[in-house]
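Here's the structure, in structure tokens; my notes come after.
In this note's numbering, the protein residues as written are 3 to 485.
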């Protein structure tokens, strides 16, 4: 056992423990610290037994045990706990030391921390870590951003512990200050969209076709063998087969239909609004989670609000399953398209220089949204680094062209039967809006100018700039003429 460690880690929650073991397994001695001493004891006497791990209950001793320049990973709850943790170790920090925040911090907090610490000669890296506890232990997708020279110091470690795919480890330097945490935030936003789309597909298979869970599991298994191959589709097929040992009923049916959230989906929607980037699928997924939380209201409303008169599906079951698979794939493309467009917009706004092809590549393994689709996305951005939207890539536009008739059939069927599909229908609306050359917002601008003098631009006078019209005068004059 070494008396000093190459890496330090603060925070022995599930993710912290697993990442520490991953780092140690890949040949790097590690020191760990947790503000609750019993967590250190539990880890050292349990999972860390016999491993090249040093456990500390005192910050000063922990910091003293690290090789210089220190490399310290924080895996603590986002927000104030990160600032409190940094404040606790700050008296022991020296110029050149590197702090890596591996939690789900807001990218603006990361920008602030990086700037504050840089002024004192301390390097700060905000690195997204995706893959859950299994990923942390066996290979996550890592999304680092911050000082590039500092990243080069931790790069061998990050590449060693990351998931591996056919074209390398699932990690890449994404850009300065908050770039890494921004990409992780959007990853989670796409994850919201993906999960909602899958939930809606499950709902339709039950509500339209009346399939039992084992049959639905088989459908998801078949989808996972094709274009929809992904981690979330794979685990959905498995989840639907699990029986509760206590009641002998399917476990998923015993789970309350109220979805939780930790904030990253909300942050994604908020920054998308700030940057004026439409993310309809992700927004619908967030709204669906919030609506699900209104359980008591929904139960009461279900007894008062009438359902459509059409209550049964009269079509062919196999045709509907095929159509639903196509709708799910097309909607999934839209969800990723929205997320990538948001990353591109932020990269331009903050001058991060994020490589979208690399972003998609590092999501191919380890992370929650890993999917076969990501290889095509990466290739699309390698082919055209200035691609404005995935929907206009020839491969994806062709895929949606083939899927759209079935996609529309699914949306119509769900609407007729009164089955809510907010993400599937929002995805279709996003696609239809994006492909429409002239939208009805000319009327919206007229209304805004009428009541608020917000001005508008004319299609026949593009060089005239923004114009305001005295609408009431024109209407009064017209009435006078008619009289």
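Using N, Cα and C, we set each Cβ at its ideal position, and we do this for glycine too.
If you draw a 10 Å sphere on the C-beta of residue 468, you find fewer than 16 other C-beta atoms in it, and that means exposed. The DSSP-derived three-state label of residue 296 is coil. Cα atoms of residue 185 and residue 371: separation of roughly 13 Å, rounded to the nearest angstrom. Within the stretch 87-161, the complete beta strand (DSSP E) runs of at least 3 residues fall at 100-103, 125-132 and 143-148. Scanning 264, 307, 301 and 102 for the CA closest to the CA of residue 288 turns up 264. In the DSSP assignment, residue 9 falls within the beta strand (DSSP E) that extends over 9-12.
Going by DSSP, residue 227 is part of no alpha helix (DSSP H) at all; its letter is neither H nor E.
When the Cα atoms are used, residue 137 and residue 145 turn out to be separated by approximately 13 Å. For residue 182, DSSP assigns no beta-bridge partner whatsoever. With fewer than 16 other Cβ atoms from the protein chains shown falling within 10 Å of its own Cβ, residue 5 counts as exposed. If the five residues before and after residue 323 are omitted, its C-beta is found closer than 8 Å to the C-beta atoms of 207, 211 and 221, all from its own chain and listed in chain order. Of 431, 270, 386 and 374, the smallest CA-CA separation from residue 233 is found for 374. Cα atoms of residue 439 and residue 344: separation of roughly 21 Å, rounded to the nearest angstrom.
For residue 340, the closest C-alpha among the options 295, 329, 283 and 297 is that of 283. In this structure, the alpha-carbon of residue 181 lies about 9 Å from that of residue 348. The beta-bridge partner set that DSSP reports for residue 74 consists of 10 and 101. By the neighbour-count definition (other C-beta atoms within 10 Å, threshold 16), residue 109 is a buried residue.
Assignment of alpha helix (DSSP H) within the stretch 327-385, counting only whole runs of 4 or more residues, yields 358-364 and 375-385 in chain order. A residue is called buried when at least 16 other Cβ atoms come within 10 angstroms of its Cβ; residue 470 does not meet this threshold and is exposed. When the alpha-carbon of residue 163 is set against those of 28, 361 and 452, the nearest one is in 28. In this structure the stretch 306-326 lies against the stretch 414-427, because at least three pairs of beta carbons, one per stretch, are closer than 8 Å.
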